[in-house]
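Undergrad:
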Amino acid sequence: MDTPPPRRRREWTIAAGLILLALVPSIGGAFRIGEIASGATETDANARFMQMPLPVVLHIVGALTYAIVGAFQFLPDLRRNHNAWHRFAGRYLLVPAGFTVAATGLWMTASYDVPPTDTGAVAASRYVVGGLMLAFLVLGVAAVARRDYFAHGSWMIRAYALAMGAGTQVLTSGPALLIFGEPDAMMRLLQMDAGWIINALFAEWIIARRRAAARRPATIAV
Ligand code: HEM
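Sequential numbering of the sequence shown, starting at 20, is according to my numbering.
1. Tell me which residues share the same chain as L159 and place their Cβ nearer than 7 Å to its Cβ, disregarding the 5 neighbours each side in the sequence.
2. Put R51 into one of helix, strand or coil per three-state DSSP.
3. When you compare only the Cα positions, how much space is there between W215 and A222?
4. Rounded to the nearest angstrom, what separates L83 and L113 at their Cα positions?
5. Does the region 123 to 132 come close enough to the region 91 to 100 that 3 or more CB-CB pairs lie under 8 Å?
6. In this structure, does DSSP put H78 in helix, strand or coil?
7. Could you check whether F169 and R99 sit closer than 9 Å to each other, using their CB atoms as the reference points?
8. If I measure Cβ to Cβ from I239 and keep anything under 8 Å in the same chain, skipping five residues before and after, which residues do I get?
9. Taking 8 Å as the line, does the beta carbon of F68 fall inside it for any heavy atom of ligand 1?
10. Curious, which full-length alpha helix (DSSP H) runs of at least 4 residues does the region 163 to 224 contain?
11. Residues in its own chain within less than 7 Å of A34 by CB, not counting five upstream and five downstream?
12. Residues in the same chain with beta-carbon distance under 7 Å from L151, minus the five sequence neighbours each way, listed in chain order, please.
13. In whole angstroms, what is the alpha-carbon distance linking Q188 and A213?
14. What do you get for P236, buried or exposed, if any count of 16 or more other CB atoms within 10 angstroms of its CB means buried?
15. Is H11 helix, strand or coil when you go by DSSP?
16. With L73 and G186 assumed to form a contact (beta carbons below 8 Å), what rounded beta-carbon distance in angstroms separates them?
17. Candidates G109, M206 and G58: which alpha carbon is nearest A140's?
18. Could you tell me the distance, in whole angstroms, from the CA atom of V133 to the CA atom of R166?
19. Apart from the five residues just before and just after G149, which ones in its own chain have a Cβ nearer than 8 Å to its Cβ?
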């Protein structure tokens with residue numbers, strides 16, 4: 020059997036890494052949908068989801084679609100060789116799913132009776148992140164409409180990075196939760212914001228690398 024060239028292998032590793040990052044929130048989401056669908060007993064922890072399931076169900080379905088299908092949009096070879104899929108998935112799956120994730124995130128922030136650690140500053144961060152994600156998606160769509168593909172990629176990387184903050188937050192909060200137990204409001208804010216900030220910085224680093232690569236003159240094989 021032919022082994023794929025190193026570049027293609029590296030690209031698939033990126034997709035696998037992104038899907039792995041989304042794994043824990045995705046599994047959590049699947050459990051939450053199962054709980055809602057089976058009409059589980061209401062507790063303090065799940066009351067908001069059981070009493071008002073629509074935003075969280077839309078959020079989880081949108082997030083699963085966005086995280087998993089989105090992971091493949093960033094693979095240059097796949098984009099080049101299967102451009103029709105890239106365009107179809109972007110237009111009919113990812114843009115609607117991305118808008119759904121951000122809009123329902125904002126909706127839940129505004130309407131759910133969340134634990135005390137998630138009110139105040141954490142809620143403010145969620146408004147900022149949800150608002151920025153919506154703005155980045157709009158800018159990404161506008162860029163592709165005017166055929167500015169570099170800007171399109173940059174805005175979509177930024178939107179995806181913010182959404183995937185949910186995965187990075189598992190890493191920024193999980194170990195502390197295991198060692199110290201439930202966080203207080205300040206710790207919770209640091210853990211949540213760290214997830215979004217790490218991803219935003221990583222996105223800017225990727226975009227800077229793309230910009231540098233785009234400016235580099237093509238090498239001519241001799
Ligand atoms: C692909 C990215 C995302 C994934 C996989 C994801 C996943 C989830 C899941 C599984 C839940 C249900 C939590 C539970 O059942 O306890 C949830 C809730 C929530 N998500 Fe997301 N999410 C993503 C992006 C976002 C974004 C960008 C925002 C921005 C505002 C956001 C805001 C919220 C809010 C406010 C809740 C309700 C929290 C609560 O009431 O405790 N999410 N998310």
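Heads up, the beta-carbon is just placed ideally off N, CA and C, and yes, glycines get one too.
TA: Checking against the coordinates, here is how it stands:
1. For the sequence presented, residue 159 should be read as Gly rather than Leu. So the qualifying residues of the chain are H171, W174, M175 and A178.
2. Helix.
3. 11 Å
4. Using only the alpha carbons, I get a separation of about 10 Å.
5. The region 91 to 100, when compared against the region 123 to 132, does not touch it at the 8 Å Cβ threshold.
6. In the structure shown, H78 sits in a helix (DSSP, three-state: H, G or I).
7. No, these two residues do not count as a Cβ contact at 9 Å.
8. The pLDDT assigned to I239 is 49, lower than 50, so where the model puts this residue is not dependable; a value taken from the coordinates is nonetheless given after this. Cβ within range, chain order: n/a, list empty.
9. yes
10. List check, alpha helix (DSSP H) in window: 168 to 182 and 184 to 199.
11. A90, F91 and L94
12. L181
13. 7 Å
14. Taking all protein chains in view, the Cβ of P236 is surrounded by fewer than 16 other Cβ atoms within 10 Å, so the residue is classified as exposed.
15. The chain is shown from 20 up to 241; residue 11 falls before or after that span and cannot be answered.
16. Not really, about 24 Å apart at Cβ, beyond 8 Å.
17. M206
18. 42 Å
19. A121, A122, G124, L125 and T128
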